[in-house]
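Q: Just passing along the structure, written as structure tokens.
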Amino acid sequence: MDALDRAIINNLQGGFPICDEPYRAVASLLGTTEDELLRRLDALLENGTLSRFGPMYHAERLGGGLTLAAMQIPPQDFERVVAIVNAFPEVAHNYAREHALNMWFVLATETPQRIDQVIAAIERDTGYTVHNMPKREEFFVGLRFEA
Amino acid sequence: MTPRPATALHPESAEPRLDAMDRQIIVATQSGLPRVARPYHAIATQVGIAVEDVMHRLQRMLEIGIIRRIGAVPNHYALGYQANGMSVWDVPDERVRELGEKIGALDSVSHCYQRPRHLPAWPYNLFAMVHGRDRDEVETKVRAIADLLGSADRGHTVLYSTRILKKTGLRISG
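Those sequence lines, one after another, are chains H and G.
Per numbering that gives the first Met the number 0, the very first residue in the first sequence carries number 0; after that it's consecutive.
Per numbering that gives the first Met the number 0, the very first residue in the second sequence carries number 0; after that it's consecutive.
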């Protein structure tokens, strides 16, 4: 990763223009060419430095349901429960974490009402309580990573 | 009721309406923007409307917050941020908004949310994701948050992820 890659990552985490030739506009701000910028973006995406490039949508405002949920699973039963929970297509991310509540997953559903149904189904299928922790409020963050 | 800070977002507030074409544009762009000289023209061709209409709809979705931002999403692991701690805090409910604003403003925090407690198992009502190159760096940043909170910090802990069990993108089907 050289100075231009870093400039791309540090300057393009938001504010990409909506105009006829946006890459050309950004390239001239970064002191490079449109072709070079496109080539660098392709490479950064391909090697995994960037996970995506484009609009970031606000999931809840698209009308669906979104929540964070946590479960406390005895270690000897963990893998069985992982298999059951992950089989739900509504489970988008699932992480093992170091805590008594040792499984944390994000549920994303087509409608807000569906969240409660999926939680009830997971409790029924696993036999364990699901702690639903939907966000009550989101506080503004810059969300910037320095490269 | 006290006035809400201007920078707080309210997911429960009125949902701006999207029509079928907005949804087509979302489906066409949710995995990324075409990397061609005229990306909005490419989207217009794909969904079958004029490019001006595509740009207008994207601009509107940005203004009403359906689109958070347009740009690059770095993979923080790839940038060397290997340690990712979910710091969780028990703060007085009546101060959570004021304190959430302060913590969200820190460079070290990438997400900051108020969530419900689940007593007795879970006393924490404020979540802040903290990223660092290693756990020491995360712990240093967590201490800075504790200093900022002072006596409002009635207890906190940091949960590190030990394994990714599943990771698929959030997707809408249009």
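Note that the Cβ used here is the ideal one computed from N, Cα and C, for glycine as well.
None of the values given here were measured: they were computed from a predicted structure.
Assign H:R176 to one of two classes, buried (16 or more other C-beta atoms within 10 Å of its C-beta) or exposed (fewer than that).
A: This structure leaves residue 176 of chain H out entirely; chain H is present only between 0 and 146.
Q: Grab the span of the beta strand (DSSP E) containing G:F126 for me, first residue to last.
A: Looking at the DSSP string, the run of the beta strand (DSSP E) that includes G:F126 is 125-131.
Q: Give the DSSP bridge partners of G:C192, in chain order.
A: The structure shown does not extend to residue 192 of chain G, since chain G is modelled only from 0 to 173, so the question has no answer here.
Q: Considering just the uninterrupted stretch of the beta strand (DSSP E) at H:G64, what are its terminal residues?
A: 64-70
Q: Give the straight-line distance between the Cα atoms of G:E136 and G:D52, rounded to the nearest whole angstrom.
A: 47 Å
Q: Can you look up H:P74 in the DSSP assignment and give me helix, strand or coil?
A: helix
Q: For G:R162, does the three-state DSSP call read helix, strand or coil?
A: strand
Q: Does the beta carbon of H:S27 come closer than 8 Å to any beta carbon on chain G?
A: no
Q: Span of the alpha helix (DSSP H) holding H:N56?
A: Going by the sequence as given, residue 56 of chain H is Tyr instead of Asn. Per DSSP, H:Y56 belongs to no alpha helix (DSSP H); it is in the beta strand (DSSP E), 49-56.
Q: So, does the CB of H:L67 fall closer than 8 Å to a CB anywhere in chain G?
A: yes
Q: Does DSSP classify H:I203 as helix, strand or coil?
A: Not covered by the structure: residue 203 of chain H. The range shown for chain H is 0 to 146.
Q: Does the Cβ-Cβ distance between H:A95 and G:L61 come in under 8 Å?
A: no
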